[in-house]
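First up is the structure itself, then whatever we jot down about it.
In our numbering, the protein residues as written are 11 to 143.
In structure tokens, the structure reads:
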């Protein structure tokens with residue numbers, strides 16, 4: 011079930027809001043919540059979004075349906091259990107396997123998004139993906 015604040019967020023209207031940082035909820039948005047956000051007044055006018063999602067398919071859905079979205083900072087629960095690369099290197103010095111696993115989501119996104127989208131990992135926080143649309 012959605013939190014009351016999230017439900018009110020989906021109904022909120024303010025034409026001056028262009029950027030949403032939803033990572034402060036410290037929880038992952040499910041598919042239904044991502045769909046509601048995409049079709050809400052805030053989602054429609056949003057240009058810059060930071061969010062944590064459960065399913066990678068939600069990333070594609072939001073990019074295709076949030077018509078004013080220019081930039082997306084996303085963390086996907088698919089990768090929640092991946093360690094930070096710096097921590098891996100510090101512990102055992104080998105990060106090739108983890109890096110390969112982390113790039114799988116990047117490749118998955120590249121296969122499904124327009125070639126005009128730039129998709130990168132955050133250099134400091136490797137579990138965060140940055141997408142410019």
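Glycine included, C-beta positions come from ideal geometry on N, C-alpha and C.
*Taking all protein chains shown into account, decide if residue 36 is buried (16 or more other Cβ within 10 angstroms of its Cβ) or exposed.*
The residue is exposed, with fewer than 16 neighbouring Cβ atoms inside 10 Å.
*Mind checking residue 96: buried by the 16 CB within 10 Å criterion, or exposed?*
Any reading at residue 96 needs caution, since the residue's pLDDT is 45, under 50, leaving its predicted position unreliable; the model's value is listed next. By the neighbour-count rule (16 or more Cβ atoms within 10 Å), residue 96 is not buried but exposed.
*In this structure, does DSSP put residue 44 in helix, strand or coil?*
In the structure shown, residue 44 adopts helical secondary structure according to DSSP, grouped into three states.
_DSSP state of residue 62 mapped onto helix, strand, coil_ = In the three-state scheme derived from DSSP, where H, G and I count as helix and E and B as strand, residue 62 is classed as strand.
*CA-CA distance, residue 34 and residue 131?*
Spanning the two alpha carbons is a distance of roughly 20 Å.
*Alpha carbon of residue 49 to alpha carbon of residue 22, nearest angstrom*: Cα to Cα, the separation comes out at about 12 Å.
*asked:* Below 8 Å on the Cβ atoms is my contact criterion, and I expect residue 38 with residue 58 to pass it. Report the Cβ-Cβ distance as a whole number of Å.
replied: The Cβ separation is near 19 Å, so there is no contact.
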